[in-house]
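As given, the protein sequences belong to chains A and B, one line each in that order. 66 is the number that the numbering used here gives to position 66 of the first sequence; each next residue is one higher, with no gaps. 1177 is the number that the numbering used here gives to position 177 of the second sequence; each next residue is one higher, with no gaps.
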Amino acid sequence: MHELSLMMGIVDQLRKSAAENNIKKISKVMLVVGEMTMAVPDALQLAFEAFKEEELFQNAVLEIRKEPVRGECKDCHHNFGVEDFAFVCPNCSSPNVRIASGRELYIDYYEGD
Amino acid sequence: MVKVRMATPVLQQNDEVARENRKLFRKKGLFVLNLMSSPGSGKTSILERTIEKLSSRLKLGVIEGDIYTTKDAERIEKFGIAVVQINTAGACHLDARMVQPALDDLDLNDLDLLIVENVGNLVCPAEFDLGEDARAAVLSVAEGNDKPAKYPLVFRESQVVLINKIDLLPHTDCDIDQLEKDLKLINHQLKLFRVSARLDQGFEPWVQWLEEQVNLKKKLSASQ
Chain A
1 MHELSLMMGI VDQLRKSAAE NNIKKISKVM LVVGEMTMAV PDALQLAFEA FKEEELFQNA
61 VLEIRKEPVR GECKDCHHNF GVEDFAFVCP NCSSPNVRIA SGRELYIDYY EGD
Chain B
1001 MVKVRMATPV LQQNDEVARE NRKLFRKKGL FVLNLMSSPG SGKTSILERT IEKLSSRLKL
1061 GVIEGDIYTT KDAERIEKFG IAVVQINTAG ACHLDARMVQ PALDDLDLND LDLLIVENVG
1121 NLVCPAEFDL GEDARAAVLS VAEGNDKPAK YPLVFRESQV VLINKIDLLP HTDCDIDQLE
1181 KDLKLINHQL KLFRVSARLD QGFEPWVQWL EEQVNLKKKL SASQ
């Protein structure tokens, strides 16, 4: 359950950015979470609830966009969806595969007044 | 209504401190290993065996991550090497900001190898860069064959997996060859070592690898 510490980082960034942009109330936060991060969306939602007492987040909805795990073969440059975390190129069978997506964990944007 | 685009990584603060730690380790020519596993897989026992074999060859230091207790640090202190305890007070992992102040309690000039024993947890520690040079995961055969598939990140992010408790193999359903194949599917560059900390088996290749890394880091640091 490290989602609470992740969420503390997220709300810190939001507080700072909201102050810079003179935003008093946030209505929506879009978070991007790769499927190869160990952050569980439900646990992130639960952690976000803990900050709802704060005026800035009172009416905020947390939306999470999941990014699937994709690999790119370093030998034949084939880009493919990784299933069951098997990092083997389906085109040339090379195990020399870079993670092209799925490790994302960032705030894409937020909306507020 | 205003829409603000951020695209800031959530772990940015941690990663910045990790970079500072890494820079310091490079300056000191110190090799740092982050040791991770689930609770009870044998991290501390492996650490004890490793210290026994390397303490005459290298100057070792240990940072012990634990949620509340100092039990592991007490076990390590008996070997007469420098130990610093970090109690995370509930947090399920170490992060770079917890490690940074602990470094002040060690004489980094007098160390060749620093091993950070992370909090016992196969999920969360994998997400946090501490500034280490390498990550070693411990997986015991008693935990079952399905662990790589269930917790892929820790194995993808590690350079080494120590498969521990091989003395228990006859009493488990673990297919160790299949286990190694599954690990290699997640990360084909993984170095795998089969060990039994209890019976002191299989440690020589592992400590040799570790010593090579320490010497490599020293050379790299001296040439800069």
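Using N, Cα and C, we set each Cβ at its ideal position, and we do this for glycine too.
Requested in this report: Check each residue of the segment 1003–1019 of chain B: if its Cβ is closer than 7 Å to any Cβ of chain A, include it; give the result in chain order.
Outcome: K1003, V1004, R1005, M1006, A1007, T1008, P1009, V1010, L1011 and Q1013
Query raised in the report: Under 8 Å Cβ-Cβ, which residues of chain A neighbour L1153/B?
Result: M36, T37 and M38
Query raised in the report: Would a check of beta-carbon distances place E72/A closer than 8 Å to chain B?
Result: no
Requested in this report: Thinking L1130/B and L1168/B are a contact (beta carbons under 8 Å), I'd like their distance in whole angstroms, please.
Outcome: Contact doesn't hold; Cβ gap of about 30 Å is too wide.
Requested in this report: Please confirm if I10/A has its CB atom under 8 Å from at least one CB of chain B.
Outcome: yes
Query raised in the report: Going by C-alpha distance, which of A1134/B, L1033/B, L1108/B and G1040/B is nearest A1142/B?
Result: G1040/B
Requested in this report: Please classify I1067/B: does DSSP put it in a helix, a strand, or coil?
Outcome: coil
Query - Backbone CA spacing between V1207/B and A18/A [nearest angstrom] - result: 51 Å
Requested in this report: Flag P1205/B as yes when its Cβ comes closer than 7 Å to any non-hydrogen atom of the ligand MN, and as no otherwise.
Outcome: Within the structure as shown, the ligand MN is missing, as the structure has no ligands at all.
Query - Residues from the segment 1110–1141 of chain B in contact with chain A, defined by Cβ distance under 7 Å - result: V1123, C1124, A1126 and E1127
Requested in this report: Can you have a look at H1188/B and say buried or exposed, based on whether 16 or more other CB atoms are within 10 angstroms of its CB?
Outcome: exposed
Requested in this report: Taking Q58/A as the query, report the chain B residues whose CB atoms sit under 7 Å from its CB, ordered along the chain.
Outcome: Per Cβ cutoff of 7 Å: no residues; Q58/A is ~16 Å from chain B at best.
Query raised in the report: Between the segment 1024–1036 of chain B and the segment 1101–1113 of chain B, do at least 3 Cβ pairs fall closer than 8 Å?
Result: yes
Query - Helix, strand or coil at E72/A according to DSSP, with G and I counted as helix - result: strand
Query raised in the report: Are L1024/B and L1035/B close, meaning C-beta to C-beta below 8 Å?
Result: no
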